[in-house]
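Undergrad: Residue numbers (the working numbering): 4 to 359. Even glycine gets a Cβ: it sits at the ideal position worked out from N, Cα and C.
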Ligand code: DP6
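(1) Identify which residue in 200, 344, 28 has its Cα closest to the Cα of residue 54.
(2) Any heavy atom of the ligand DP6 closer than 7 Å to the beta-carbon of residue 177?
(3) Should residue 67 be listed as close to the ligand DP6, given that the test is whether its C-beta is under 7 Å from any heavy atom?
(4) Could you name each continuous beta strand (DSSP E) segment of 3 residues or more that falls completely within the stretch 140-180, going from the start of the chain to the end?
(5) Can you check DSSP and say which residues form a bridge with residue 231?
(6) Can residue 344 and residue 209 be called in contact, C-beta distance under 8 Å?
(7) Would residue 140 and residue 162 be called neighbours here (beta carbons separated by less than 8 Å)?
(8) If we count Cβ pairs, one from each stretch, closer than 8 Å, do we get three or more for the stretch 55-63 versus the stretch 155-171?
(9) From residue 16 to residue 110, what does the alpha carbon distance come to, in whole angstroms?
(10) Name the DSSP beta bridge partners of residue 279, please?
(11) Classify residue 296 as buried or exposed, calling it buried when 16 or more other Cβ atoms lie within 10 Å of its own Cβ.
(12) Using only alpha-carbon positions, find the residue among 96, 145, 172, 89 that is nearest to residue 356.
(13) Distance, Cα to Cα, residue 165 vs residue 205?
(14) Pull the bridge partners of residue 299 from the DSSP assignment, please.
(15) Identify every residue that forms a DSSP beta bridge with residue 110.
(16) So who's on the other strand from residue 49, going by DSSP bridges?
(17) Residues around the ligand DP6, please: the ones whose beta-carbon is closer than 5 Å to some heavy atom of it, in chain order.
(18) Find the nearest neighbour of residue 310 within the set 24, 23, 196, 47, judged by alpha-carbon distance.
(19) Below 8 Å on the Cβ atoms is my contact criterion, and I expect residue 94 with residue 104 to pass it. Report the Cβ-Cβ distance as a whole number of Å.
(20) Counting along the chain, where does the alpha helix (DSSP H) carrying residue 225 start and finish?
(21) Tell me the DSSP bridge mates of residue 81?
(22) Which word fits residue 267, buried or exposed, when buried means at least 16 other C-beta atoms lie within 10 angstroms of its C-beta?
(23) Measure from the alpha carbon of residue 246 to the alpha carbon of each residue in 87, 259, 132, 234, then state which is nearest.
(24) Output the distance between the C-alpha atoms of residue 106 and residue 125, rounded to the nearest integer angstrom.
(25) Drop a sphere of 10 angstroms on the beta-carbon of residue 25, count the other beta-carbons inside from all chains shown, and report buried for 16 or more, exposed for fewer.
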């Protein structure tokens with residue numbers, strides 16, 4: 004339990020609060036949704052440690068108590084209209100349950116520890132940090148008595164409405180989202196998952212092959228699943244992979260983990276390629292790297308796997324005992340190719356946290 008959680012201001016007139024929420028990398032991919040941000044298949048993710056968003060809300064009284072007024076800054080800059088709209092929508096949704104939010108003028112300052120469009124989901128950390136901060140504000144303004152678990156569950160629910168993958172970022176070290184994965188998993192919010200000890204610390208080196216923003220947004224990508232020829236097959240595959248992944252994570256089976264993680268990454272790109280409007284996101288360098296990585300790994304019994312989100316950048320996940328070997332492979336590969344490829348190093352994290 005976070006020691007700051009029950010800290011209450013005597014003066015709710017104005018104040019400041021702040022939450023930190025990490026990004027996550029999906030091992031089982033959420034791809035395709037229906038209704039109100041409900042996934043067509045369950046997903047499983049590992050929460051990251053160093054890639055996070057910190058969101059501070061400063062609130063003060065407002066003259067007329069109609070819809071909430073807010074200003075949102077990312078790294079002290081105004082954000083684009085699209086993202087601002089997403090923020091406004093989430094405020095509106097959370098204020099429907101906590102109407103005192105509408106009586107406040109909100110100044111929201113957000114910072115990311117990682118650059119945009121790097122293959123790290125900024126919507127996952129950004130929208131989960133925002134949901135946590137807004138929930139925290141609503142709870143304080145209404146003097147709501149909520150257990151920490153119930154608070155996180157609600158925050159995960161609201162984060163999902165902001166961005167699907169964001170609901171998983173509330174929890175650590177791993178999270179499951181979607182009905183049918185376990186007896187208590189649901190489409191409404193994510194639940195935490197604790198694996199075998201050997202999976203509690205996994206490195207994630209992210210190779211940034213392109214910093215150009217994606218040509219197809221995640222939302223547009225999810226839509227491609229609506230009338231995809233392989234939709235039913237994909238749902239069956241994701242459900243089976245989820246069961247096998249949870250078994251692998253529970254039992255410490257790295258071979259199975261590697262097989263399923265990579266199957267999911269390539270299936271995601273296969274689905275994009277075979278959509279009615281095909282989407283090709285892997286670059287020649289991404290493919291060359293994957294080929295070389297698989298050749299390097301062959302016969303070594305390395306506890307290392309690749310995964311890829313909906314972009315060209317590649318995550319290499321590996322156990323701490325292979326740190327030197329994998330890092331040397333990556334840096335030699337980059338040096339030999341003389342490419343300006345950035346690498347971001349991350350690892351399994353501990354989840355969201357209230358800062359003050
Ligand atoms: C490929 O959560 O970004 O990263 O719900 O539309 O905001 P929206 O989509 P988003 O989709 C993430 C897709 C993915 C796989 C995953 O993280 O599970």
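TA: Straight from the coordinates:
(1) Position 51 of the chain shown holds residue 54. Measuring from the Cα of residue 54, the nearest candidate turns out to be 28.
(2) Your numbering for residue 177 matches position 174 in the chain shown. Result no, Cβ not under 7 Å from the ligand DP6.
(3) Along the chain shown, one-based indexing puts residue 67 at 64. Checking every heavy atom of the ligand DP6 against the Cβ of residue 67, none is found closer than 7 Å.
(4) 177-180
(5) For this step, residue 231 is matched to residue 228 along the chain shown. For residue 231, which the question treats as bridged, DSSP gives no partner whatsoever.
(6) To locate residue 344, count along the chain shown from 1; it is residue 341. To locate residue 209, count along the chain shown from 1; it is residue 206. No; because the gap between Cβ atoms is not below 8 Å, this pair is not in contact.
(7) In the chain shown, residue 140 corresponds to position 137, counting from 1. In the chain shown, residue 162 corresponds to position 159, counting from 1. It is not a contact, given that the beta carbons lie outside the stated cut-off.
(8) Taking one beta carbon from each stretch, the stretch 55-63 and the stretch 155-171 have fewer than 3 pairs nearer than 8 Å; the two do not touch.
(9) The sequence position of residue 16 within the chain shown is 13, counting from 1. The sequence position of residue 110 within the chain shown is 107, counting from 1. Answer to the nearest angstrom: the Cα atoms are 14 Å apart.
(10) Your numbering for residue 279 matches position 276 in the chain shown. Per DSSP, none; premise fails for residue 279.
(11) What you label residue 296 is simply residue 293 of the chain shown in a count that begins at 1. So residue 296 ends up on the buried side.
(12) Translated into positions along the chain shown, residue 356 becomes position 353. Out of 96, 145, 172, 89, 172 has the C-alpha closest to the C-alpha of residue 356.
(13) Numbered from its first residue, the chain shown carries residue 165 at position 162. Numbered from its first residue, the chain shown carries residue 205 at position 202. Those two C-alpha atoms are separated by around 28 Å.
(14) Mapped onto the chain shown, residue 299 falls at position 296. DSSP output for residue 299 lists no bridge partner at all.
(15) The residue you call residue 110 lines up with position 107 of the chain shown. 61, 74.
(16) Walking along the chain shown from the start, residue 49 turns up at place 46. In DSSP, residue 49 forms a bridge with 28, 177.
(17) Contact residues of the ligand DP6 (beta-carbon closer than 5 Å to any heavy atom; chain order) are 29, 32, 33, 46, 126, 166, 167, 168, 221, 222, 312, 313.
(18) Working through the chain shown from its first residue, we reach residue 310 at position 307. With distances taken between Cα atoms, residue 310 lies closest to 47.
(19) Against the chain shown, residue 94 aligns to sequence position 91. Against the chain shown, residue 104 aligns to sequence position 101. Confirmed, about 7 Å.
(20) Translated into the one-based positions of the chain shown, residue 225 becomes position 222. 221-226 is the span of the alpha helix (DSSP H), which, as asked, contains residue 225.
(21) Counting from one through the chain shown, the residue named residue 81 turns up at place 78. BP columns for residue 81 point to 76.
(22) As a position in the chain shown, residue 267 is number 264, starting the count at 1. Buried: at least 16 other Cβ atoms inside 10 Å.
(23) Here residue 246 refers to the residue found at position 243 of the chain shown. Closest option to residue 246, Cα to Cα, is 259.
(24) One-based indexing of the chain shown puts residue 106 at position 103. One-based indexing of the chain shown puts residue 125 at position 122. Counting only the Cα atoms, residue 125 lies some 29 Å from residue 106.
(25) Taking the chain shown and counting its residues from 1, the one referred to as residue 25 is at position 22. Residue 25 should be labelled buried.
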